[in-house]
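Oh and the sequence shown: position 20 is 403 in our numbering, straight run, nothing missing. The beta carbon of each residue, even a glycine, is placed where N, CA and C say it ideally should be.
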Amino acid sequence: MVGDLVVLQGGPGGGQQMETSGPTLVWRACLYERSGEHQWVKGGELRVYAHVVDCCEGYGRGDTEQCE
Ligand SMILES: [Zn+2]
384 MVGDLVVLQG GPGGGQQMET SGPTLVWRAC LYERSGEHQW VKGGELRVYA
434 HVVDCCEGYG RGDTEQCE
């Protein structure tokens, strides 16, 4: 199953591009979720996935990972 290319916004993975097909994705220790926004990059318009503020707590990794 081929996902869509999306761009991450905020957190340590901000600016990264990922392929995903679900409402959320994990970049390293960080959880991102689909926002309603889109961002133009070269080649087209990508859906924006925003950093989930409490993602680090949710994964129990706290400040041991590069998370805001
Ligand atoms: Zn995070």
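Excluding the 5 residues flanking residue i on each side, which residues of the same chain have their C-beta closer than 6 Å to its C-beta?
i	result
residue 418	431 and 433
Could you name the residues of the same chain whose beta carbon sits closer than 7 Å to that of residue i, not counting the 5 residues immediately before and after it, in chain order?
i	result
residue 393	433 and 434
residue 413	394, 395, 396, 434, 438 and 450
residue 406	416 and 417
residue 408	401, 415 and 432
Would you kindly work out how many angstroms separate the C-alpha atoms of residue i and residue j, rounded to a whole number?
i	j	result
residue 391	residue 401	8 Å
residue 436	residue 396	13 Å
residue 415	residue 426	23 Å
Quick one, which of the options has its alpha-carbon nearest residue i's?
i	options	result
residue 421	415, 438 and 429	429
residue 439	410, 426 and 423	410
Exposed or buried, residue i, counting other C-beta atoms within 10 Å across all chains shown (16 or more means buried)?
i	result
residue 424	exposed
Please work out which residues of its chain come closer than 8 Å, Cβ to Cβ, to residue i, disregarding the five sequence neighbours upstream and downstream, and give them in chain order.
i	result
residue 399	390, 391 and 410
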